[in-house]
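Trainee: Keeping their order, the protein sequence lines are chains A and B. For the first sequence, my numbering begins at 157 and goes up steadily by one. For the second sequence, my numbering begins at 157 and goes up steadily by one. Here's a structure for you.
Number of protein chains: 2
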Amino acid sequence: MNDRNRPVTRSGDDVYLHLLKAITDQRLLPGTKLTEFSLVETFGIARRGVAAALTRLAWEKLVTILPNRGAFVAAPNAEEARDIFLARSAIEAGTIEAIARRADPLAIAAMEQNVAEEAACRKSGKTRDAIRLSGGFHLVIAQHSGSPILAEQVRLLVARTSLVIGLFENESGLSCWHDHHLELVDHCRHGRVEAAVAEMKAHIEELQASVALDRRRPTSFDLSEVFAQ
Amino acid sequence: MNDRNRPVTRSGDDVYLHLLKAITDQRLLPGTKLTEFSLVETFGIARRGVAAALTRLAWEKLVTILPNRGAFVAAPNAEEARDIFLARSAIEAGTIEAIARRADPLAIAAMEQNVAEEAACRKSGKTRDAIRLSGGFHLVIAQHSGSPILAEQVRLLVARTSLVIGLFENESGLSCWHDHHLELVDHCRHGRVEAAVAEMKAHIEELQASVALDRRRPTSFDLSEVFAQ
DNA sequence: TCGCGGAATATTGTGCACAATCTTTTGCTC
DNA sequence: GAGCAAAAGATTGTGCACAATATTCCGCGA
Numbered sequence: 157m158n159d160r161n162r163p164v165t166r167s168g169d170d171v172y173l174h175l176l177k178a179i180t181d182q183r184l185l186p187g188t189k190l191t192e193f194s195l196v197e198t199f200g201i202a203r204r205g206v207a208a209a210l211t212r213l214a215w216e217k218l219v220t221i222l223p224n225r226g227a228f229v230a231a232p233n234a235e236e237a238r239d240i241f242l243a244r245s246a247i248e249a250g251t252i253e254a255i256a257r258r259a260d261p262l263a264i265a266a267m268e269q270n271v272a273e274e275a276a277c278r279k280s281g282k283t284r285d286a287i288r289l290s291g292g293f294h295l296v297i298a299q300h301s302g303s304p305i306l307a308e309q310v311r312l313l314v315a316r317t318s319l320v321i322g323l324f325e326n327e328s329g330l331s332c333w334h335d336h337h338l339e340l341v342d343h344c345r346h347g348r349v350e351a352a353v354a355e356m357k358a359h360i361e362e363l364q365a366s367v368a369l370d371r372r373r374p375t376s377f378d379l380s381e382v383f384a385q
Numbered sequence: 157m158n159d160r161n162r163p164v165t166r167s168g169d170d171v172y173l174h175l176l177k178a179i180t181d182q183r184l185l186p187g188t189k190l191t192e193f194s195l196v197e198t199f200g201i202a203r204r205g206v207a208a209a210l211t212r213l214a215w216e217k218l219v220t221i222l223p224n225r226g227a228f229v230a231a232p233n234a235e236e237a238r239d240i241f242l243a244r245s246a247i248e249a250g251t252i253e254a255i256a257r258r259a260d261p262l263a264i265a266a267m268e269q270n271v272a273e274e275a276a277c278r279k280s281g282k283t284r285d286a287i288r289l290s291g292g293f294h295l296v297i298a299q300h301s302g303s304p305i306l307a308e309q310v311r312l313l314v315a316r317t318s319l320v321i322g323l324f325e326n327e328s329g330l331s332c333w334h335d336h337h338l339e340l341v342d343h344c345r346h347g348r349v350e351a352a353v354a355e356m357k358a359h360i361e362e363l364q365a366s367v368a369l370d371r372r373r374p375t376s377f378d379l380s381e382v383f384a385q
């Protein structure tokens, strides 16, 4: 329980990555308070590292820091949500174009595997896993696009999309997304660049249409439960 | 000279913005060492704020931090440079599309003003100001696109482009850029969305073509001179 | 003169303690 | 019981001092 036993991951990158993943996977819901003390206890790293991680997440609009009050998982409003989808449309048009143009077999294989896993989860009723993999599909595309910059942005935008979905009561177009993903793979395989880009834009537009206006559920999570292995 | 006299801009946002602007305007060249002590002296804020600003710039790939050695203005390599232009192509296709689709008179007016100022600077031989305004043109577009997310990314990518241009010996296609900018304005004014997007992609591609391979000039700048008003 | 080792210096990294601020509770008055 | 004020508690913000590490300088020997 004391300091010297822990691995002491430097400068809180560990905390940052865990929080980012937890937000993406919807284990951390919008509005959840992130106390420095709790994170220090949970991760066993110095308080400074925790503060740095929270500061970075705040810059990335994934948490909101209220001065002298603490950090909370961000709760995007409707305007921010629209911006998120608009930005995803532009950026993911770029990532899918890069893949379709090269018709990269490795990327296509990774995409197919993701689609298959998602279908399995969806069939067996693991909705949360299916949603996670559905976001992961876009991450796979981004990571194979050959652009680290765009990939990083997609990472953040997918995480923020998780917040939006957790906040705005989605209309579960899961099967529909699946079809879009399949068509995207197909377009990329045959090098149909224009079609792939158009499909991606339509897909994100539909994703946006599936989340209705404000219906916020304020929750408080136990951090030790969220990060339990 | 003591603490309580200064405005004490909190948490180093001031340092961050000044450094970002200095990099964008090419007053800080790649490789320049940024000592915490110098920045503390220059800006008169606490060391912690300076460290936070440098950390953020490092996350954004605008500076490189070597552990226990200090922070240096980033020097992108050829691969990173290509990524920067690829990302700009995707993101700025989104910003210009948003403007062309709305044919926003306010945005078009701002773009025209920028082009005019750039032409004036170019005519009077103020090359550095012309380059700065040329980057500013893209910022104007981004800020009027209605997407804060994309605008922020353009901010960072324009800054990194300044680093690339300062590092890779550009072939001064300034007049050419000017023509592209003029055509962009024209396309937006008439709502020619497809043409505007194509023009922007071609423009960035040409921008990329105008910087040749590696030819690095290591410089050391005096910070007090760089930030002198 | 060149190479090498060690001390001196400079710079960044971090723990600690306290200050500042906000929230909650308690107690007093009407 | 309601309302308000002050104190107690909790949480974040920050200055300070020292530790860890890298760089430079100097002296010594071949």
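C-beta: ideal position from N, C-alpha, C; glycine also.
What's the C-alpha gap between B:E327 and B:S366?
Mentor: Translated into the one-based positions of the second sequence, residue 327 of chain B becomes position 171. Translated into the one-based positions of the second sequence, residue 366 of chain B becomes position 210. Those two C-alpha atoms are separated by around 5 Å.
Trainee: I think A:I179 touches A:A315, with their Cβ atoms under 8 Å apart; what is that distance to the nearest whole Å?
Mentor: As a position in the first sequence, residue 179 of chain A is number 23, starting the count at 1. As a position in the first sequence, residue 315 of chain A is number 159, starting the count at 1. A:I179 to A:A315, Cβ: 5 Å. Contact.
Trainee: Is DSSP giving A:T188 helix, strand or coil here?
Mentor: To locate residue 188 of chain A, count along the first sequence from 1; it is residue 32. If DSSP states are grouped into helix, strand and coil, A:T188 belongs with coil.
Trainee: Identify each residue in the segment 202-216 of chain A for which the Cβ-Cβ distance to at least one residue of chain B is less than 8 Å, and report them in chain order.
Mentor: Answer in chain order: A208, T211, R212, W215.
Trainee: Nearest-angstrom Cα distance between B:E268 and A:W333?
Mentor: Against the second sequence, residue 268 of chain B aligns to sequence position 112. Against the first sequence, residue 333 of chain A aligns to sequence position 177. In a straight line, the C-alpha of B:E268 is about 42 Å away from that of A:W333.
Trainee: Of the residues that make up the segment 298-315 of chain B, which ones have a beta carbon closer than 7 Å to any beta carbon in chain A?
Mentor: If the cut-off is 7 Å between Cβ atoms, the segment 298-315 of chain B has S303, P304, I305, L306, Q309 near chain A.
Trainee: Given that a residue counts as buried once 16 or more other Cβ atoms are within 10 Å of its Cβ, and exposed if not, what is A:S280?
Mentor: Position 124 of the first sequence holds residue 280 of chain A. So A:S280 ends up on the exposed side.
Trainee: In terms of DSSP beta bridges, what is A:F241 paired with?
Mentor: The residue you call residue 241 of chain A lines up with position 85 of the first sequence. BP columns for A:F241 are empty, so no partner.
Trainee: Using CA coordinates, which residue listed in B:T191, B:R244, B:I297 is at the minimum distance from B:N224?
Mentor: Translated into positions along the second sequence, residue 224 of chain B becomes position 68. The residue with the shortest Cα to Cα distance from B:N224 is B:T191.
Trainee: A:F324 by DSSP, collapsed to three states: which one?
Mentor: In the first sequence, the residue the question calls residue 324 of chain A occupies position 168. In the structure shown, A:F324 sits in coil (DSSP, three-state: anything other than H, G, I, E or B).
Trainee: Can you list, in chain order, the residues of its chain whose CB lies under 6 Å from that of A:H359, leaving out five sequence neighbours each side?
Mentor: Within the first sequence, numbered from 1, the residue matching residue 359 of chain A stands at position 203. Contacts found: H336.
Trainee: What does A:I247 touch in chain B if you count any residue whose Cβ is under 7 Å from its own?
Mentor: Within the first sequence, the letter at position 91 stands for residue 247 of chain A. The answer, in chain order, is A246, I247.
Trainee: Whose Cβ in chain B lies nearer than 8 Å to the Cβ of A:G250?
Mentor: For the purposes of this step, residue 250 of chain A is taken as residue 94 along the first sequence, with counting starting at 1. Within chain B, the residues near A:G250 are L242, A243, S245, A246, I247, A249.
Trainee: In this structure, how does DSSP classify A:I255 when only helix, strand and coil are distinguished?
Mentor: Residue numbering aside, residue 255 of chain A sits at position 99 when the first sequence is read from its first letter. DSSP places A:I255 in helix when its eight states are reduced to three.
Trainee: Taking the Cβ atom as the reference point for each residue, do B:I264 and B:R212 lie within a distance shorter than 8 Å?
Mentor: In the second sequence, residue 264 of chain B corresponds to position 108, counting from 1. In the second sequence, residue 212 of chain B corresponds to position 56, counting from 1. No, the pair does not count as a contact, with Cβ atoms beyond the cut-off.
Trainee: Below 8 Å between beta carbons: does that hold for A:A227 and A:A214?
Mentor: Against the first sequence, residue 227 of chain A aligns to sequence position 71. Against the first sequence, residue 214 of chain A aligns to sequence position 58. Contact: yes.
Trainee: Once DSSP output is grouped into helix, strand and coil, what is the label at A:G292?
Mentor: Locating residue 292 of chain A in the first sequence gives position 136, counting from the first residue. A:G292 falls in the helix class under three-state DSSP.
Trainee: For a contact meaning CB atoms closer than 7 Å, what does A:D239 contact in chain B?
Mentor: Here the question's residue 239 of chain A lines up with position 83 in the first sequence. Correct list: S303, P304, I305.
Trainee: Can you give the Cα-Cα distance for B:T317 and B:F324, rounded to whole angstroms?
Mentor: By 1-based counting over the second sequence, the position of residue 317 of chain B is 161. By 1-based counting over the second sequence, the position of residue 324 of chain B is 168. Straight-line Cα distance between these residues: approximately 10 Å.
Trainee: Taking the C-alpha atoms as reference points, what is the distance between A:K189 and A:A231?
Mentor: Taking the first residue of the first sequence as position 1, residue 189 of chain A is located at position 33. Taking the first residue of the first sequence as position 1, residue 231 of chain A is located at position 75. Their Cα atoms are separated by approximately 11 Å.
Trainee: Taking 8 Å as the cut-off, decide whether the C-beta atoms of A:I255 and A:H294 are in contact.
Mentor: For the purposes of this step, residue 255 of chain A is taken as residue 99 along the first sequence, with counting starting at 1. For the purposes of this step, residue 294 of chain A is taken as residue 138 along the first sequence, with counting starting at 1. No, these two residues do not count as a Cβ contact at 8 Å.
Trainee: Taking the C-alpha atoms as reference points, what is the distance between A:A237 and A:V353?
Mentor: The residue given as residue 237 of chain A occupies position 81 in the first sequence. The residue given as residue 353 of chain A occupies position 197 in the first sequence. Approximately 21 Å, taken between the alpha carbons.
Trainee: Using 10 angstroms around the beta-carbon of A:F288, count the other beta-carbons present and answer buried if the total reaches 16, otherwise exposed.
Mentor: Residue 288 of chain A sits at position 132 when you count from the first residue of the first sequence. The question names Phe, but residue 288 of chain A is Arg in the sequence shown. That one is buried.
Trainee: Please classify A:A272 as buried or exposed, where buried requires at least 16 other C-beta atoms within 10 Å of its C-beta.
Mentor: In the first sequence, the residue the question calls residue 272 of chain A occupies position 116. With fewer than 16 Cβ atoms within 10 Å of its Cβ, A:A272 is classed as exposed.
Trainee: Would you please state the rounded distance, in angstroms, between the beta carbons of A:I413 and A:Q309? I believe it to be under 8 Å.
Mentor: Past the edges of chain A, shown from 157 to 385, lies residue 413 of chain A, and the structure says nothing about it.
Trainee: Compare the Cα-Cα distances from B:D260 to each of B:H174, B:I297, B:A249 and report the closest residue.
Mentor: Counted from its first residue, the second sequence places residue 260 of chain B at position 104. When each option's Cα is compared against that of B:D260, the closest is B:I297.
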